[in-house]
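Visitor: In the working numbering, the protein residues as written are 1049 to 1188. Take this structure, written in structure tokens, and hold onto it; I'll ask about it next.
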Amino acid sequence: MASSRRERRIMPEFSDENRPQAGERRHHSRRAGTAVVHLIRECDPGRKQIPAKLLELSVAGIGLISSAPIESNEQIRVCLKNEIQRVSKEVRGTVRWTSPTTEGEFRVGIALSVRLSPNDLISLTRVATMSQAGPTKIWV
């Protein structure tokens, strides 16, 4: 006699191990960034550059510290440049959240309008280190 109970099958993409941790809403892994960054407000007709420090980068978003306050939902152009790799990338995004720091700066989270490619991500997070053999650069 067949059992009347059906086995419950859970697809891997819906299993608990693949869900973000409580409080964690990000879907993409983040990497520490090494690129030089400046921001330009889309609503600024003068296109004044705002210096920023890149903290983390993923294919879909950027975390940074800005020297100027930026409002949530503001449209931003982000200019990223890795001097070591000689790579520059300009992307657009929307400020999703902002928070003042104790140093008088502003922590900002930006959702990108178009995702970065894996090659862009690698180029903007790669750093050079010196080998023990001498001044040869090794890319990490």
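Even glycine gets a Cβ: it sits at the ideal position worked out from N, Cα and C. For clarity, every value in this text was computed on a predicted model and none was experimentally measured.
Taking just the CA atoms, how far does Lys1101 sit from Val1084?
Guide: Reading the sequence shown from its first residue, position 36 is the one you call residue 1084. Reading the sequence shown from its first residue, position 53 is the one you call residue 1101. Rounded to whole angstroms, Val1084 to Lys1101 spans 7 Å at the Cα level.
Visitor: Does the distance from the C-beta atom of Gly1111 to that of Glu1104 stay below 7 Å?
Guide: Residue 1111 sits at position 63 when you count from the first residue of the sequence shown. Residue 1104 sits at position 56 when you count from the first residue of the sequence shown. Going by C-beta atoms, Gly1111 is nearer than 7 Å to Glu1104.
Visitor: Please check the pair Gly1109 and Ile1158, which I expect to be a contact at CB under 8 Å, by giving their CB distance rounded to whole angstroms.
Guide: Position 61 of the sequence shown, counted from the start, is the residue given in the question as residue 1109. Position 110 of the sequence shown, counted from the start, is the residue given in the question as residue 1158. About 6 Å separates the two Cβ atoms, so the contact holds.
Visitor: Along the chain, where does the beta strand (DSSP E) that runs through Ile1118 open and close?
Guide: Walking along the sequence shown from the start, residue 1118 turns up at place 70. Note, Ile1118: premise wrong, no beta strand (DSSP E); not H, not E.
Visitor: Could you check which residue in Thr1173, Ile1088, Pro1117 has the C-alpha nearest to that of Ile1132?
Guide: As a first step, residue 1132 is located in the sequence shown; it is residue number 84 there, counting from the start. Cα-wise, what sits closest to Ile1132 is Thr1173.
Visitor: In the structure shown, what three-state DSSP assignment does Leu1191 receive?
Guide: Because the chain spans 1049 through 1188 in this model, residue 1191 falls outside it and cannot be assessed.
Visitor: Can you tell me the Cα-Cα spacing of Ile1098 and Ser1165, whole angstroms?
Guide: Start at 1 with the first residue of the sequence shown, and residue 1098 comes out as number 50. Start at 1 with the first residue of the sequence shown, and residue 1165 comes out as number 117. If I take the Cα positions, the gap works out to 25 Å.
Visitor: Just the Cα atoms here: how many angstroms apart are Asp1168 and Gly1152?
Guide: Your numbering for residue 1168 matches position 120 in the sequence shown. Your numbering for residue 1152 matches position 104 in the sequence shown. One C-alpha to the other measures close to 31 Å.
Visitor: Applying the 10 Å Cβ sphere with the 16-neighbour rule, what's the burial state of Val1143?
Guide: Numbered from its first residue, the sequence shown carries residue 1143 at position 95. By the neighbour-count rule (16 or more Cβ atoms within 10 Å), Val1143 is buried.
Visitor: How long is the line joining the alpha carbons of Arg1155 and Val1139, rounded to whole angstroms?
Guide: Within the sequence shown, residue 1155 is the residue found at index 107, counting from 1. Within the sequence shown, residue 1139 is the residue found at index 91, counting from 1. Whole-angstrom Cα-Cα distance: 19 Å.
Visitor: Nearest to Ser1115 by CA position, among Leu1160, Ser1147, Arg1163, Ser1161, is which residue?
Guide: Residue numbering aside, residue 1115 sits at position 67 when the sequence shown is read from its first letter. Among Leu1160, Ser1147, Arg1163, Ser1161, the Cα nearest to that of Ser1115 is on Ser1147.
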